[in-house]
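Notes follow once the structure below has been shown.
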Amino acid sequence: MQLNCGHRLLDLSRPVVMGILNVTPDSFSDGGAYPDTAQAAARARQMVEEGAELIDVGGESTRPGAAAVDSETEISRVVPVIEAIRASCDAVISIDTSKPEVMQAAVAAGAAFINDVRALREPGALEVAASLEVPVCLMHMQGQPRTMQDAPDYDDVVTDVAAFLGERVESCCRAGMARERLVIDPGFGFGKTLRHNLLLLNNLHRLTEFGLPVLVGISRKSMIGAILDRAVDQRLYGSLAAATISLMKGASIIRTHDVAPTVDALRVVTALGAVRK
Ligand code: YH5
Numbered sequence: 000m001q002l003n004c005g006h007r008l009l010d011l012s013r014p015v016v017m018g019i020l021n022v023t024p025d026s027f028s029d030g031g032a033y034p035d036t037a038q039a040a041a042r043a044r045q046m047v048e049e050g051a052e053l054i055d056v057g058g059e060s061t062r063p064g065a066a067a068v069d070s071e072t073e074i075s076r077v078v079p080v081i082e083a084i085r086a087s088c089d090a091v092i093s094i095d096t097s098k099p100e101v102m103q104a105a106v107a108a109g110a111a112f113i114n115d116v117r118a119l120r121e122p123g124a125l126e127v128a129a130s131l132e133v134p135v136c137l138m139h140m141q142g143q144p145r146t147m148q149d150a151p152d153y154d155d156v157v158t159d160v161a162a163f164l165g166e167r168v169e170s171c172c173r174a175g176m177a178r179e180r181l182v183i184d185p186g187f188g189f190g191k192t193l194r195h196n197l198l199l200l201n202n203l204h205r206l207t208e209f210g211l212p213v214l215v216g217i218s219r220k221s222m223i224g225a226i227l228d229r230a231v232d233q234r235l236y237g238s239l240a241a242a243t244i245s246l247m248k249g250a251s252i253i254r255t256h257d258v259a260p261t262v263d264a265l266r267v268v269t270a271l272g273a274v275r276k
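Residue 101 in numbering that gives the first Met the number 0 sits at position 102 of the sequence shown, and the numbers go up by one each step.
Dropping the structure here:
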């Protein structure tokens, strides 16, 4: 499987690592109102050197309780960073947004992949994403970020998530998007209890039945914290175990904060392919 990202083809016959680059004000060490562009681009280059092929640039926090931002604010955060990354390395830049205006501005600035935790359900997002002709990751989320962890509820979480993603894939195709440009993601932690997350991880192979690449984001998330009873800065080893399981159950793209350790873990899994017995 390959993913056509305009200036680059992503080869999905081996695992691809997506490095996370948050450009929300609270994610930068200087604590200033705007993230420092040079600092963000340097972090992106470091992740690329460590083996990331995709850099996921996000200017909206989707953590429970985070304040909403308007599209102008989000654009002013992400566009300078995308331009700086594009000018200094050839990784594929992913824009983590749900807003059509931000998708448009980010792709114009050099992003070649859209990562939408709302799976193009915001008004206008489907049409704009279709017109931009870049790959899109469709993620499952139950509810809205502010309240999604209040009372997550499913008949059968794996079947429900698969049905949702299937419906979104159909909507995208009806809007004129090429099926070959779609990626799906169960959305770990987005309106899910620990039990829901574990059921999704253990049955991840069922999502590969769409014949589309599966992206997984578990890095440092609360499910790792809950299993291990560890704070967010102590979740690396647990996250590596989850990344390893994800790959063995069919994931193609792993979204992570910790690129170098994740690349090593995934290389160990990939080594099994050389013996096939
Ligand atoms: C995802 O799974 N997640 S943002 C809380 C944490 C640690 C990490 C409490 N965007 C995903 O990364 N996009 C996010 O510790 C995503 N898939 C895709 N496609 C949440 C996040 C995080 C939240």
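For each residue, glycine too, the CB sits at the ideal point set by N, CA and C.
A quick note: this is a predicted structure, and the numbers were derived from the prediction, not measured.
Quick one: give me the first and last residue of the alpha helix (DSSP H) that residue i is part of.
| i | result |
| --- | --- |
| T72 | 70-87 |
| L200 | 193-201 |
| R254 | Looking at the DSSP string, R254 is not in any alpha helix (DSSP H); the run it does join, the beta strand (DSSP E), is 252-255. |
| D184 | Unbroken run through D184 is the beta strand (DSSP E), 181-184; no alpha helix (DSSP H). |
| F163 | 156-173 |
What first and last residue would you give for the beta strand (DSSP E) that runs through residue i?
| i | result |
| --- | --- |
| G57 | 53-57 |
| G216 | 214-216 |
| Q143 | Element bounds for Q143: n/a, residue is neither H nor E. |
| L2 | 1-4 |
According to the neighbour-count rule (16 or more other Cβ atoms, all chains shown, within 10 Å of its Cβ), is residue i buried or exposed?
| i | result |
| --- | --- |
| A32 | In this predicted model, A32 has a pLDDT of only 49, less than 50, meaning its place in the structure is not dependable; the value taken from the coordinates is given anyway. Exposed. |
| T255 | buried |
| M17 | buried |
| S12 | exposed |
| E280 | There is simply no residue 280 to check, as the chain begins at 0 and stops at 276 in what is shown. |
Check residue i in the structure and name its three-state DSSP category.
| i | result |
| --- | --- |
| R13 | coil |
| M46 | helix |
| M138 | strand |
| R275 | coil |
| A32 | Because A32 carries a pLDDT of 49, less than 50, the predicted location of this residue cannot be relied on, and the following value inherits that uncertainty. Reduced to three states, the DSSP call for A32 is coil. |
Any chance the CB of residue i is under 8 Å from a heavy atom of ligand 1?
| i | result |
| --- | --- |
| I19 | yes |
| R147 | Looking at the sequence provided, one finds Met at residue 147 rather than Arg. Result no, Cβ not under 8 Å from ligand 1. |
| N202 | no |
| I74 | no |
- Taking one C-beta from the region 88-102 and one from the region 121-130 each time, how about it: are there three or more such pairs within less than 8 Å? Touching, yes.
- Task: Would you be able to state if there are at least three C-beta pairs under 8 Å between the region 79-89 and the region 33-51?
- Result: Yes, since at least three Cβ pairs between the region 33-51 and the region 79-89 fall closer than 8 Å, the two stretches touch.
- Message: For the region 241-249 against the region 199-218, do three or more pairs of beta-carbon atoms, one drawn from each stretch, fall closer than 8 Å, so that the two count as touching?
- Response: At 8 Å Cβ cutoff, the stretches touch.
- Quick one: any contact between the region 73-84 and the region 111-123, if contact means 3 or more CB pairs under 8 Å? No: fewer than three Cβ pairs fall under 8 Å.
- Segment contact, 8 Å Cβ cut-off, at least three pairs: the region 204-214 with the region 169-177: Contact between the region 204-214 and the region 169-177 is absent: fewer than 3 CB-CB pairs across the two stretches fall below 8 Å.
- Query: Okay, do the region 139-151 and the region 53-64 touch, 3+ Cβ pairs below 8 Å being the bar?
  - Reply: Yes, the region 139-151 is in contact with the region 53-64.
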